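Following this note's numbering, the numbering of the first sequence begins with 219 at its first residue and continues without gaps. Glycine residues also receive a C-beta, built at the ideal position from the N, C-alpha and C atoms. Here the structure is a predicted model, which means the values were calculated and not measured.
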Amino acid sequence: MSETPATAEKQTYDFRRIEERWQPFWEQDGTFEVDPDDPRPKKYVCDMFPYPSGDLHMGHAEAFAIGDVPARYARLRGYNVLHPIGWDSFGLPAENAAIKNNAHPAEWTYSNIETQAASFKRYAISTDWSTRLHTSDPVYYRWTQWLFLQLYNRGLAYRKNSPVNWCPSCQTVLANEQVVEGACERCGTPVTKRALNQWYFKITDYADRLLDDMDQLQGAWPDRVLAMQRNWIGRSTGASVSFAVEGDDAEPISVFTTRPDTLYGVTFMVVAADADLAVQLVTETKRAELETYREGLKTVSEIDRQSADRKRTGVFLGRYAVHALTGEKLPIWASDYVLADYGTGAVMGVPAHDQRDLEFARAMDLNVNVVVDTGEEDPATSGVATAGDGIAINSPKWQGLAKDEAITRAIEVLEHDDAGTAKVNYRLRDWLLSRQRFWGAPIPIIHCRDCGEVPVPDDQLPVTLPTDMRGEQLAPKGQSPLASNEDWVSVDCPACGKPATRDTDTMDTFVDSSWYYLRYIAPHSTEEIFPTEQVNQWLPVEQYVGGVEHAILHLLYSRFITKVLHDLELVNFTEPFSALLNQGQVLNGGRAMSKSLGNGVDLGEQLDTYGVDAVRLTMIFASPPEDDVDWADVSPSGSAKFLARAWRIAQDVTSRAGTDPSQGAQQLRRVTHRVIADVQGLLEDQKYNVVIARVMELINAARKEIDSGAGPADPAVREAAETAAQILSLAAPYTAEDMWAMLGRQSSVANSVWPDYDEALLVQETITAVVQVKGKLRDKLEVSPDISEAELEAQALALPKIQKYIDDDGPVRKVIVKAPKLVNVVTS
RNA sequence: GCCCUCAUAGUCCAAUCGGUAGAGACAGCCGACUUAAAAUCGGUCCAGUGUGGGUUCGAGUCCCACUGGGGGCACCA
219 MSETPATAEK QTYDFRRIEE RWQPFWEQDG TFEVDPDDPR PKKYVCDMFP
269 YPSGDLHMGH AEAFAIGDVP ARYARLRGYN VLHPIGWDSF GLPAENAAIK
319 NNAHPAEWTY SNIETQAASF KRYAISTDWS TRLHTSDPVY YRWTQWLFLQ
369 LYNRGLAYRK NSPVNWCPSC QTVLANEQVV EGACERCGTP VTKRALNQWY
419 FKITDYADRL LDDMDQLQGA WPDRVLAMQR NWIGRSTGAS VSFAVEGDDA
469 EPISVFTTRP DTLYGVTFMV VAADADLAVQ LVTETKRAEL ETYREGLKTV
519 SEIDRQSADR KRTGVFLGRY AVHALTGEKL PIWASDYVLA DYGTGAVMGV
569 PAHDQRDLEF ARAMDLNVNV VVDTGEEDPA TSGVATAGDG IAINSPKWQG
619 LAKDEAITRA IEVLEHDDAG TAKVNYRLRD WLLSRQRFWG APIPIIHCRD
669 CGEVPVPDDQ LPVTLPTDMR GEQLAPKGQS PLASNEDWVS VDCPACGKPA
719 TRDTDTMDTF VDSSWYYLRY IAPHSTEEIF PTEQVNQWLP VEQYVGGVEH
769 AILHLLYSRF ITKVLHDLEL VNFTEPFSAL LNQGQVLNGG RAMSKSLGNG
819 VDLGEQLDTY GVDAVRLTMI FASPPEDDVD WADVSPSGSA KFLARAWRIA
869 QDVTSRAGTD PSQGAQQLRR VTHRVIADVQ GLLEDQKYNV VIARVMELIN
919 AARKEIDSGA GPADPAVREA AETAAQILSL AAPYTAEDMW AMLGRQSSVA
969 NSVWPDYDEA LLVQETITAV VQVKGKLRDK LEVSPDISEA ELEAQALALP
1019 KIQKYIDDDG PVRKVIVKAP KLVNVVTS
C-alpha cells in the first residue's frame, strides 16, 4: 500500500502475487456478504447454479464472468446486492460414479462441490458464500418434498398409467423435454415406450398462463427463448367433435381438429394403437390382430416411428363410427401415426386435406373426399393433400365460404347439433417427474393397502435417502434401487398404522432446480420453505444468467412452480425472472469443446498461464455476452498485456489520493467523463464487450497524458486511473483491487462509489459538421456545438467546394440542416 | 415444412434518433529502446457493410425478396 513516489523502484505486474494478496482479503473482509438489515434498495442477480461434475470448465468461466458484471456494477451503484451460489447436486452421474467406485453418490458429489467451490473462490466471483445451498442436502430436499405435497394436495401431482419414454441405458423414464430427436438427452440411446404407472405434475393446467404471461417477459428475455417456449407449449385452436359409435354400449369418440371446416371430408376414424381406446373399440374378430400390431410397436424405437417416409400401417377394428353431420358409416382404424397422448388420442381422417391421412387412406384403400377447393390438383390422384386456404365445396352447411368463415360456421353448426364445440389444445404434456433411480429426492408418498396413497405427514419429512447403500446396490434394475432396501421401504401407514410401503421413485432433478432461487433468501431455514415476506422483497430475480440449453426445461418448470406458489399465496409475483441473459458457448476452432474432438481447453491451465483476470477479461471482451466465444479467435495473452498496462498507469500516478481533479488536464478529463457516461449506458444494454473497449480507450488516453502530456502528477491522470480501476473491477477484480490500493484508496474497490460524470465535460468545444451534396460527403466544417441551423446553413453554402458543386449540378432545391452535425444540399 | 436469430477489415468485434463506416483488440508490417532478444513504447496497412430491390435529401441501421451460417419445433390432427 505504498504511496509510490516517482523515485520508487517500479514493480512489474505479477498476477500470481496479486491473486494471493486479495483472495484472502475479500474473504476476511466479508466484502460480498449481504446484510439483511441493509436499508439500501435490493438487487438480486442470479446465475444458474452448476451441476458438480468435476471441476469448473471453460463454460462455467464464461457464464460466471458474465454474470458477475451486473452483480458488481449494482454494488458500485449502491444497491444491496444478492448474488448467491449453490449446487444442483442430485443426479445420475453421481450414481454412475458410485456404482463404478463402489461408493455412495454423496462422496463423489460433495467432493466435486468442494473442488468447484475452491475454484469459484479463486475465480473471484462476487458471491455471498453464506447463501450456499446443495439440493441434495436433507435440509433442502425436505422442502422439495414439501413442495411436492403442496402440489399433491392441490390435485396438481397425480399418478397415471400410460406409455412413457424409456431409456434402456439409463433404466429410467424421461420427460418429453428430455427426449431429443427420439434419443435420450443424456446418453443418446434411442428411447422406447413403456407402459408404467408414473407421477406427473399438471403443468398443462397452466399452459394458458405460461403462454400469456410471456408478454411480461417480452424484450427482457431473448426472443429465441420466448419463441422456443411458445413453440413448446404449442397452443392450437380448433374444435372437438364427437362421433357416435355403432354398437350397444359404445361411447362416442371425441376428436380434436384445427380444421372443422373439412368435416364433410371425413371418410374414416383413427385411434392411437397404443391407447386403451383401441382395445375398448376392437371387435372380437379383430382383437388378436390388434394385439399383434400393438406388440410390434413396442420394439419400434421413437426415431424409426417418427421417420417421415415410413409406410403407414394400421388395423381395422371391425367397428364403425357415425358421421356427426351426414350419418355416414366411418370405419374405425388403429394406427401408430396417431399419438395417444395428444388431444384425445383419436383423429378424424380427412385424406383430401391432411397429408398423413391421405397416405393412410392410400395404404388402406379408403375414400378421398375433396371438400375444399384450393385450385390445386385432386389429392386422390396427386398424392399431395391440399392443406391450404380455399373455398368450401361439397359442404352443404357452409358451401362456398372461405376457410376462416367456414371454420366459424362449422363450429356454430356443431354446437347447435350438440356434436362438438370450439376447443383449444396444447402440445405441452404433463411433467413426468418420477425417476427409477436413487440419487434424488424420494417422493413423499406411502402406499397403503387400505388407505391407498397417503402423503407423508409434515413432521415426518424429510424422507431421507439411506446412507448405507453403495456400489452394485445402486445398479439400475428397471425400478428404483430403493425398492430393494426393505428396511427403507417398510413403514407404518400414517393414516391407519398398518404395515405399508414407501413410494420408491425419486423426483426428477428439475423439481429441485425449479425453486432454488427462492431458497437462497434463507437457505438454512428449517421452519419454512422460504420466508414469504423477504422473498417478496428480493424477487423476482432482476437478472438471471445462464445457458440457452435450459430455454425450455428449467425455465418453463420454474415459471410453472412460481405460478403454483403464487396461487398458494406463498409469493406475490407470477414470473420468477424479470430479465434473462443467455451467454453463448465457449468453442475452440469453431466447434464445441469435446473429448472426442480433442479440442478441449483446460480452465485450470489457462488460469495458471494467464491469470484469473486475463481469462475473465477475455471472456467478456471477446464478443457480446450472448454470442459464442471461440477460444481460437481470442487472445488471453493480449488481455494479460492490457491488464499490465492498466496496472502500470495506477503505479505511475504520483498525486495524492483525494486530489481535486478539476484543475487537471482537460483533454483527459473529457475522455474520462465521456467513458463513465458511455459505460453506464453500455452496462444497461448488456454490451459488456464494449465496456472493456472503453476502458482500453481510457487507459490509452491516460498513457499518452503521462508520457507526452501533463505527466504523472496531473490530477486528471489520477482521476482516469481511479475510474479505470472501478470499471475494470467488474471484469478483472484482482487487478482492479491492486490498482485501487496502489492509488492509496481504501479497499475494496468493489464497494467504492461509482463516479458521477460531469455533463459540462461531455460537451465538445467544437464539432465537425459534414457537408453533403445530394447525400454525398463533399466538405467538413468546424463549428460550435450550439450553432444555429441558419448559421450552419449559411456557412456550408459559402464553402467554395460546395459552391462549385452547386454551379455544376444546378440550382439548390432544398437544404437539410441537422445542426450541429450535418448539412445536405439537394440540387436538382 | 414452420418459427427465431445472425451476416461490417485477414480475424474477433464497434457504430444512441436513419446523418463522416471504426471505438477497442488479435494477427501482420515498420520504427524506437537493446550487443541481441523478450518486455515496453510509437506508427502503419486493411472493408464500403452477404445478394437484389424498395422507402428517403441521406440506409450498416427501416421494408420486401433471396443466399449462407446458428438454433428451436415437427406424424401435435
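My output table needs one value for residue i: the three-state DSSP class, helix, strand or coil.
{"i": "asparagine 371", "result": "helix"}
{"i": "methionine 811", "result": "coil"}
{"i": "isoleucine 343", "result": "coil"}
{"i": "alanine 931", "result": "coil"}
{"i": "tryptophan 972", "result": "coil"}
{"i": "isoleucine 747", "result": "coil"}
{"i": "glutamate 1000", "result": "strand"}
{"i": "asparagine 806", "result": "strand"}
{"i": "isoleucine 917", "result": "helix"}
{"i": "serine 841", "result": "coil"}
{"i": "proline 794", "result": "coil"}
On a CA-only basis, which of the options is nearest residue i? Give me that one, please.
{"i": "leucine 799", "options": "Glu787, Val759, Tyr828", "result": "Val759"}
{"i": "tryptophan 184", "options": "Gln617, Lys641, Gly532, Leu700", "result": "Missing from the structure shown is residue 184; the chain here goes from 219 to 1046 and no further."}
{"i": "serine 380", "options": "Gln389, Trp417, Trp347, Gln396", "result": "Trp417"}
{"i": "aspartate 559", "options": "Glu630, Asp430, Lys378, Gln447", "result": "Lys378"}
{"i": "proline 933", "options": "Pro951, Asp870, Ile985, Thr953", "result": "Asp870"}
{"i": "proline 356", "options": "Thr744, Gln898, Asn319", "result": "Thr744"}
{"i": "leucine 548", "options": "Glu502, Glu577, Val489", "result": "Val489"}
{"i": "tyrosine 775", "options": "Ile421, Phe366, Tyr762", "result": "Ile421"}
{"i": "glutamine 345", "options": "Cys264, Tyr555, Ala840", "result": "In the sequence under discussion, the amino acid at residue 345 is threonine, which differs from the glutamine named in the question. Comparing Cα-Cα distances from threonine 345 to each of Cys264, Tyr555, Ala840, the minimum goes to Cys264."}
{"i": "proline 1003", "options": "Lys1039, Ser970, Val1033, Lys1032", "result": "Lys1039"}
{"i": "alanine 579", "options": "Gly593, Glu594, Lys1032, Ala598", "result": "Ala598"}
{"i": "proline 675", "options": "Pro1029, Gln363, Val1041, Arg234", "result": "Gln363"}
{"i": "aspartate 494", "options": "Asp430, Ala413, Gly465, Ile1024", "result": "Ala413"}
{"i": "glutamine 396", "options": "Asp1027, Leu786, Phe366, Glu767", "result": "Glu767"}
{"i": "lysine 998", "options": "Ala968, Val1041, Ser1006, Gly816", "result": "Val1041"}
{"i": "leucine 861", "options": "Leu481, Ala950, Ile770", "result": "Ala950"}
Report back the beta-carbon spacing between residue i and residue j to the nearest angstrom; my notes put them in contact at under 8 Å.
{"i": "leucine 916", "j": "valine 893", "result": "5 Å"}
{"i": "valine 1001", "j": "leucine 995", "result": "Not quite, the Cβ-Cβ distance comes to about 16 Å (not below 8 Å), so this is no contact."}
{"i": "tyrosine 738", "j": "proline 302", "result": "4 Å"}
{"i": "histidine 352", "j": "tryptophan 305", "result": "5 Å"}
{"i": "valine 565", "j": "valine 463", "result": "Contact doesn't hold; Cβ gap of about 15 Å is too wide."}
{"i": "alanine 659", "j": "phenylalanine 308", "result": "7 Å"}
{"i": "glutamine 241", "j": "alanine 335", "result": "Not a contact, Cβ separation roughly 13 Å."}
From residue i to residue j, what distance separates their C-alpha atoms?
{"i": "leucine 821", "j": "arginine 834", "result": "11 Å"}
{"i": "asparagine 383", "j": "valine 299", "result": "43 Å"}
{"i": "glutamine 617", "j": "isoleucine 611", "result": "5 Å"}
{"i": "glutamine 1047", "j": "alanine 939", "result": "Outside the shown range of the chain (219 to 1046) lies residue 1047, about which nothing can therefore be said."}
{"i": "cysteine 388", "j": "proline 311", "result": "10 Å"}
{"i": "leucine 1015", "j": "glutamine 761", "result": "52 Å"}
{"i": "aspartate 596", "j": "proline 569", "result": "11 Å"}
{"i": "methionine 582", "j": "glycine 567", "result": "12 Å"}
{"i": "serine 220", "j": "glycine 962", "result": "In this predicted model, serine 220 has a pLDDT of only 39, less than 50, meaning its place in the structure is not dependable; the value taken from the coordinates is given anyway. Looking at the two C-alpha atoms, the distance is approximately 7 Å."}
{"i": "isoleucine 1034", "j": "glutamine 1021", "result": "16 Å"}
{"i": "asparagine 918", "j": "isoleucine 910", "result": "12 Å"}
{"i": "glycine 483", "j": "glycine 373", "result": "40 Å"}
{"i": "glycine 876", "j": "methionine 960", "result": "13 Å"}
{"i": "glutamine 436", "j": "valine 443", "result": "10 Å"}
{"i": "proline 930", "j": "threonine 986", "result": "31 Å"}
{"i": "lysine 922", "j": "alanine 954", "result": "20 Å"}
{"i": "threonine 225", "j": "aspartate 925", "result": "Because threonine 225 sits at a pLDDT of 42, beneath the cut-off of 50, its placement in the model cannot be relied upon, and the following sentence gives the value as read from the coordinates. One C-alpha to the other measures close to 16 Å."}
{"i": "proline 205", "j": "leucine 646", "result": "No answer is possible for residue 205: it lies beyond the span of the chain, which begins at 219 and ends at 1046."}
{"i": "arginine 667", "j": "aspartate 705", "result": "18 Å"}
{"i": "valine 852", "j": "tyrosine 906", "result": "16 Å"}
{"i": "valine 492", "j": "proline 712", "result": "According to the sequence as given, residue 492 is aspartate; it is not valine. Each residue's alpha carbon lies about 37 Å from the other."}
{"i": "threonine 1045", "j": "threonine 984", "result": "28 Å"}
Quick one: give me the first and last residue of the alpha helix (DSSP H) that residue i is part of.
{"i": "leucine 825", "result": "821–828"}
{"i": "glycine 856", "result": "854–870"}
{"i": "isoleucine 894", "result": "884–902"}
{"i": "proline 288", "result": "276–294"}
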